[in-house]
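Sequential numbering of the sequence shown, starting at 19, is according to my numbering.
Just so it is clear, CB atoms sit at the ideal spot from N, CA and C, and this is done for glycine as well.
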Amino acid sequence: MIEKLAENLVNLKKEFALNYDGSSQIQEIIPISKSESFPIDQDKLNILHEFATKNPIYYNSFEKIINDITCIVYEGDINKYWLNSIQHNSSHAPFSPTWIMSGYILSLFAKENGYSEIIDIGSGDGRIAYCGKMLGMESYSIELDNLLVELQKSLTDNINFNPNCSDAVQFDYSSLNLTKPLFFIGGLAQMGGLELATGVLNKIKSNFNLWDNAGWSFAGTLSKKYPADSKNKAGWGSFIENNLLQFIQNISLPTAWSFHESDETQYIFAKSL
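Right, here's the structure in full:
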């Protein structure tokens with residue numbers, strides 16, 4: 019189901035991008051109702067829409083039929099948050115969000131693969147943690163930038179995904195009493211993600227039980243404008259090999275930064291050997 023959902027979302031995005039004539043900095047779509055292509059319970063779809071309607075990065079929305087699927091298009095501007103996110107000395111990757119629907123599919127992967135907690139590091143507005151909590155997992159968002167954390171807190175009225183304002187490399191993960199977490203690392207390997215992932219992994223390696231049970235998700239790219247990794251895996255192959263991780267699979271999903279690209283963002287899943 020996850021692979022088919024991802025494929026359907028990518029196809030929907032490509033059709034949307036082909037015909038989009040707006041001028042917003044970021045844009046994304048969420049289906050209005052359950053369908054054969056998106057067999058998502060209506061209450062969950064409503065919660066995804068709620069995240070967008072309450073989120074201050076979006077300033078406009080409208081209904082549009084794409085590939086016979088009635089969707090809401092959300093248009094936004096992240097400049098204020100992007101500029102604030104890069105001012106910190108220990109910042110590894112600037113704020114540029116994945117799609118809300120992509121966050122849902124990523125969280126669904128975590129749930130269906132037996133993970134009990136989601137640690138959302140660097141998604142910016144906590145959307146992956148939000149989706150994980152909606153699906154019944156315990157979720158935590160770790161974000162360095164105080165402005166983004168305040169944004170996250172404004173979205174926790176009905177879904178508390180536990181925003182934390184902290185440097186993820188220094189955070190005390192043992193304080194969360196995790197059992198089988200999946201760590202989502204924001205940022206492409208070539209855009210600060212590698213340094214962020216290295217710091218977090220080194221923190222987790224010191225806790226043997228946690229290390230053995232942890233899963234990992236890294237955002238990768240096939241774009242030719244970034245240096246390729248000799249071990250492939252969308253930029254993460256050498257990192258996975260050097261840190262004794264086992265590759266599980268990758269899922270191709272839309273993100274804000276890949277909207278105008280032919281290839282979607284590759285989410286690389288791995289676990290400890």
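Give me, in chain order, the residues of the same chain whose beta-carbon lies closer than 8 Å to that of residue i; leave out the 5 immediate sequence neighbours on both sides.
| i | result |
| --- | --- |
| G121 | S141, R145, I146, Y148, C149 |
| G233 | A128, N131, Y133, K198, P199, L200, F201, I266, F287, A288, K289 |
| D230 | S290 |
| H278 | A35 |
| M155 | S125, A128, K129, Y133, S134, E135, I136 |
Would you kindly check if the distance between the Cβ of residue j and the Cβ of residue i is under 8 Å?
| i | j | result |
| --- | --- | --- |
| K52 | L36 | no |
| I139 | I160 | yes |
| F287 | S241 | no |
| L196 | Y99 | no |
| I96 | S79 | no |
| L27 | M119 | yes |
| G204 | A237 | yes |
| A274 | S114 | yes |
| I322 | I75 | Coverage of the chain is limited to positions 19 through 291, which leaves residue 322 absent and any answer about it impossible. |
Our contact map puts residue i next to residue j with C-beta atoms below 8 Å; I'd like the distance itself, whole angstroms only.
| i | j | result |
| --- | --- | --- |
| T116 | L271 | 7 Å |
| A252 | Q208 | Their Cβ separation, rounded to whole angstroms, is 10 Å, which puts A252 and Q208 out of contact at 8 Å. |
| S157 | F189 | Wrong, their Cβ atoms sit about 15 Å apart, outside the cutoff. |
| N299 | L30 | The chain is shown from 19 up to 291; residue 299 falls before or after that span and cannot be answered. |
| L291 | Q264 | 5 Å |
| L66 | I48 | 5 Å |
| G94 | I44 | 5 Å |
| K221 | V187 | 7 Å |
Which same chain residues, not among the five before or five after residue i, have their C-beta less than 7 Å away from its C-beta?
| i | result |
| --- | --- |
| L126 | I20, L153 |
| F257 | A207, L212, A215 |
| S192 | N225 |
| S276 | E282, T283 |
| K171 | P181 |
| F69 | I118, R145, Y148, L173 |
| F34 | I47, I84 |
| K249 | G255, S256, E259 |
| G40 | E93 |
| T239 | L206, A252, G253, T283, Q284 |
| I58 | K52 |
According to DSSP, which residues form a beta bridge with residue i?
| i | result |
| --- | --- |
| I258 | Partner(s): none; I258 has no beta bridge. |
| S120 | In DSSP, S120 forms no bridge with anything. |
| P199 | E135 |
| W234 | F201, A288 |
| Y94 | Correcting the residue identity first, residue 94 is Gly in this sequence and not Tyr. According to DSSP, G94 bridges with I44, Y76. |
| S159 | D138, P181 |
| L271 | T283 |
| T88 | I83 |
| Q60 | DSSP, once it has assigned bridges, lists no residue as partnering Q60. |
Tell me which same chain residues have a C-beta within less than 6 Å of the C-beta of residue i, skipping the five on either side of it?
| i | result |
| --- | --- |
| L169 | D143 |
| Q60 | K52 |
| K82 | C89, V91 |
| F56 | P49 |
| S262 | Reading off the sequence shown, one finds Leu at residue 262, where the question assumed Ser. For L262, where only same-chain residues beyond five positions count, the Cβ hits under 6 Å are L291. |
| Y244 | Q208 |
- Task: Would you check if there are 3 or more beta carbon pairs closer than 8 Å linking the segment 211-223 to the segment 169-183?
- Result: no
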